[in-house]
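Here the structure comes first, spelled out in structure tokens, and everything after it is commentary.
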Amino acid sequence: MNIDWFFIIEKIALISGVLALSLGVAMYSTWGERKVAAIIQDRRGPNRAGFMGLLQPLADGGKLFFKEEIIPTLSHRFLFILGPSLAMLVACMTSAVIPWGDTLTIGGRQVSLQVADINIGILYIFGVVSLGVYGIMLGGWASNNKYSLLASIRAASQIISYELAMGLSLIALLMLTGSLSLKDIVEQQRHSYWNVVYQPLGFIIFLICAFAECNRTPFDLPEAENELNGGYHLEYSSMKLGFYLFAEYINMFISSALMASMYFGGYSFPFMDSLGLDANLITILGFVALFIKIICFLFLFMWVRWTIPRFRYDQLMRLGWNIMIPIAIVNMLLTGAWILYKQG
Amino acid sequence: MQALTDRVKPVDRRPLNFVEKLYIPAILKGMGITFKHIFQKKATVNYPEETRPFSPVFRGLHILNRDEEGRERCTACGLCAVACPAEAITMEAAERKPGEEKLYREEKYAASYEINMLRCIFCGFCGEACPKDAIYLTETFAPSNYDRKGFIYGKDDLLIPDPKKK
Numbered sequence: 000m001n002i003d004w005f006f007i008i009e010k011i012a013l014i015s016g017v018l019a020l021s022l023g024v025a026m027y028s029t030w031g032e033r034k035v036a037a038i039i040q041d042r043r044g045p046n047r048a049g050f051m052g053l054l055q056p057l058a059d060g061g062k063l064f065f066k067e068e069i070i071p072t073l074s075h076r077f078l079f080i081l082g083p084s085l086a087m088l089v090a091c092m093t094s095a096v097i098p099w100g101d102t103l104t105i106g107g108r109q110v111s112l113q114v115a116d117i118n119i120g121i122l123y124i125f126g127v128v129s130l131g132v133y134g135i136m137l138g139g140w141a142s143n144n145k146y147s148l149l150a151s152i153r154a155a156s157q158i159i160s161y162e163l164a165m166g167l168s169l170i171a172l173l174m175l176t177g178s179l180s181l182k183d184i185v186e187q188q189r190h191s192y193w194n195v196v197y198q199p200l201g202f203i204i205f206l207i208c209a210f211a212e213c214n215r216t217p218f219d220l221p222e223a224e225n226e227l228n229g230g231y232h233l234e235y236s237s238m239k240l241g242f243y244l245f246a247e248y249i250n251m252f253i254s255s256a257l258m259a260s261m262y263f264g265g266y267s268f269p270f271m272d273s274l275g276l277d278a279n280l281i282t283i284l285g286f287v288a289l290f291i292k293i294i295c296f297l298f299l300f301m302w303v304r305w306t307i308p309r310f311r312y313d314q315l316m317r318l319g320w321n322i323m324i325p326i327a328i329v330n331m332l333l334t335g336a337w338i339l340y341k342q343g
Numbered sequence: 000m001q002a003l004t005d006r007v008k009p010v011d012r013r014p015l016n017f018v019e020k021l022y023i024p025a026i027l028k029g030m031g032i033t034f035k036h037i038f039q040k041k042a043t044v045n046y047p048e049e050t051r052p053f054s055p056v057f058r059g060l061h062i063l064n065r066d067e068e069g070r071e072r073c074t075a076c077g078l079c080a081v082a083c084p085a086e087a088i089t090m091e092a093a094e095r096k097p098g099e100e101k102l103y104r105e106e107k108y109a110a111s112y113e114i115n116m117l118r119c120i121f122c123g124f125c126g127e128a129c130p131k132d133a134i135y136l137t138e139t140f141a142p143s144n145y146d147r148k149g150f151i152y153g154k155d156d157l158l159i160p161d162p163k164k165k
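This is the structure we're talking about:
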């Protein structure tokens, strides 16, 4: 059998690059979060460790590594450790199908800046993201603490409720694109308008659901500090806690990348094909464009967090089931009607 | 009912209309407010690098003064301790021996002089009471410490350095 070694090397390099990128972005999201919080509240934020506090994530990580590791006696030991590991693993897995850029041509080889261009990319993401809640549920349950348990119950019901509306809003998008592959979706937007123009309502629904899926304010009920003493990670310490917090930031990064890819043209940017530049340069510029879009979304996540107070639990459920899902269904029907009208 | 002041604002208790029920205008308004704060002046003072300016009459830590020849002015009369409303000052007097004229200005001096900075209220009455211009309040404040003993300042902490030895 003839194995294409270059292909394997290329993919390994790409996977390592994407992993390092998501971890690095997640690290600096913690810094960004504190900075954004600070400037919104007229404070300065971290500014002691390094220039503008840029070494702060390293200091935080170092601190978490050297903290005492506590596993409560009455917890379920295996599941207690599995919880944060699963959260982290699942958060890192999602990045595989996101197209980070177009193809680079290196020495006559076409290198795609996407780890796996599978034709069910969106389904894969949905499957993996749904698994993400298991990390929270297992951790909260295995801690043998009533607050953690309450938090994991909240997390489970919240994610189930909002995944429904998220899926429905995506179906409307998929009816337009006719493809589940993220690469195809981005390529379509490259040659016409961004999908947010066709699906503004769908985008807003998806955005709100993404906030809920990432357990971000105003939907951060599973980690409501003032109600639940910290939520599902109450019993966690040291790097196990770090993994939970980190997984949240990676999830944020991935949802930003997803939203940028599906609704805001991914790596495409206006006039990218009429500039007449070298294809490799265009690809790199496209990656930068995608990154700028992602950073804008990350800023939005943080901006919302420091503006909007948390929903009450019944309000959360009412918003999910009574408002988001009907609107998503109406959006789907309208999209369908519009497609029929265009065809007939 | 008659309002007690002219600043009464009636509370709007109408049920929310459709646009308000969407919450989106209110959310956008709130986000606008937080966004404006990005450009506002920071309230924080970068403490160790910059400090807030003190007023010219600020009263901080005490010093025990010396005269031009570097002799301690304090004669341990105890007026400062009497004047002190917080009873923060204690002292022990001693008689100046022959040959110590270069150290102490008067025939009697304070062998020990202690101010408990945890009791002190920095009113400055000790300085006002002092007939010898021996005690003054400066523009610094007591740094933090790990135990209470660290806040009892003795003569070593209070005396200003000898101007002649410099």
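From first to last, the protein sequence lines are chains A and B. With numbering that gives the first Met the number 0, the residue at position 236 of the first sequence is 235, and numbering never jumps. With numbering that gives the first Met the number 0, the residue at position 123 of the second sequence is 122, and numbering never jumps. Heads up, the beta-carbon is just placed ideally off N, CA and C, and yes, glycines get one too.
- Of the candidates A:Asn144, A:Met271, A:Ile203 and A:Asp59, the residue whose Cα lies closest to the Cα of serine 237 of chain A is A:Asp59.
- Inter-segment contact for the stretch 113-129 of chain A and the stretch 295-302 of chain A is absent: fewer than three beta-carbon pairs are separated by less than 8 Å.
- Annotation for serine 21 of chain A: Ser94, Ile249 and Phe252 place their beta carbon closer than 6 Å to its own, counting only its chain and skipping 5 residues before and after.
- Counting along the chain, glutamine 109 of chain A sits inside no alpha helix (DSSP H); it lies in the beta strand (DSSP E) bounded by residues 108-111.
- Around the CB of proline 221 of chain A, 16 or more other CB atoms lie within 10 Å, so the residue is classed as buried.
- Under a 10 Å Cβ-count criterion, glycine 44 of chain A is classified as buried, with 16 or more other Cβ atoms of the shown protein chains found around its own Cβ.
- Put simply, of A:Arg215, A:Tyr243, A:Asn194 and A:Ser180 the residue whose alpha carbon is nearest the alpha carbon of proline 98 of chain A is A:Ser180.
- Where alanine 209 of chain A is concerned, the enclosing alpha helix (DSSP H) starts and stops at 199-212.
- Rounded to the nearest angstrom, the gap between the Cα atoms of lysine 8 of chain B and proline 14 of chain B is 18 Å.
- Proximity of isoleucine 38 of chain A to chain B, defined by a Cβ-Cβ separation below 8 Å, is satisfied.
- Per DSSP, the beta-bridge partners of isoleucine 134 of chain B are B:Leu63.
- Here tyrosine 197 of chain A has Leu175 as same chain residues with Cβ atoms under 7 Å from its own Cβ, once five neighbours each way along the sequence are excluded.
- Put simply, the CB of alanine 42 of chain B is near chain A, with a gap under 8 Å to one of its CB atoms.
- Pairwise C-beta distances place the stretch 151-160 of chain B in contact with the stretch 99-114 of chain B, as three or more of them are shorter than 8 Å.
- Taking every protein chain shown into account, the CB of tryptophan 193 of chain A has 16 or more other CB atoms within 10 angstroms, so this residue is buried.
- Around the beta-carbon of tryptophan 4 of chain A, fewer than 16 other beta-carbon atoms lie within 10 Å, marking it exposed.
- Relative to lysine 66 of chain A, the option among A:Gly241, A:Ser267, A:Trp305 and A:Phe245 whose CA is nearest is A:Gly241.
- The Cβ atoms of glutamate 91 of chain B and arginine 118 of chain B do not sit closer than 8 Å to each other.
- By the neighbour-count criterion, in which 16 or more other beta carbons inside 10 Å mark a residue as buried, alanine 133 of chain B falls on the buried side.
- In the structure shown, lysine 28 of chain B falls within a helical segment according to DSSP collapsed to helix, strand and coil.
- The C-beta of valine 195 of chain A comes no closer than 8 Å to any C-beta of chain B.
- Bounds of the beta strand (DSSP E) holding serine 111 of chain B are 107-115.
- Taking CB atoms only, methionine 30 of chain B has a neighbour in chain A less than 8 Å away.
- Listed along chain B, the residues sitting closer than 7 Å to isoleucine 307 of chain A by beta-carbon distance are Ile26 and Gly29.
- Selection A:Ile170, A:Cys213, A:Gly229 and A:Gly177 evaluated against leucine 200 of chain A yields A:Ile170 as nearest (Cα-Cα).
- Counting C-beta pairs closer than 8 Å gives fewer than three between the stretch 8-24 of chain A and the stretch 274-286 of chain A, which falls short of the contact rule.
- Per the Cβ contact rule, the stretch 22-40 of chain B is not in contact with the stretch 96-110 of chain B (fewer than 3 Cβ pairs under 8 Å).
- The residue among B:Met116, B:Ala42, B:Asp146 and B:Tyr145 with its C-alpha nearest the C-alpha of leucine 136 of chain B is B:Met116.
- Using a Cβ-Cβ cut-off of 8 Å, aspartate 219 of chain A does not count as an interface residue toward chain B, since no Cβ of chain B sits closer than that to its own.
- Below the 8 Å Cβ cutoff, chain A contributes Ile39, Trp302, Trp305 and Thr306 as neighbours of threonine 33 of chain B, in chain order.
- Look at alanine 246 of chain A here: in three-state DSSP terms it is helix.
- For the 8 Å CB-CB criterion, glutamate 49 of chain B and tyrosine 108 of chain B do not form a contact.
- Under the three-state reduction of DSSP, methionine 90 of chain B is assigned to strand.
- A Cβ of chain B is located within less than 8 Å of the beta carbon of arginine 42 of chain A.
- When only Cα atoms are considered, phenylalanine 270 of chain A and glycine 335 of chain A end up about 30 Å apart.
- Closest in C-alpha terms to isoleucine 322 of chain A, from the list A:Arg108, A:Ile204, A:Val89 and A:Leu137, comes A:Ile204.
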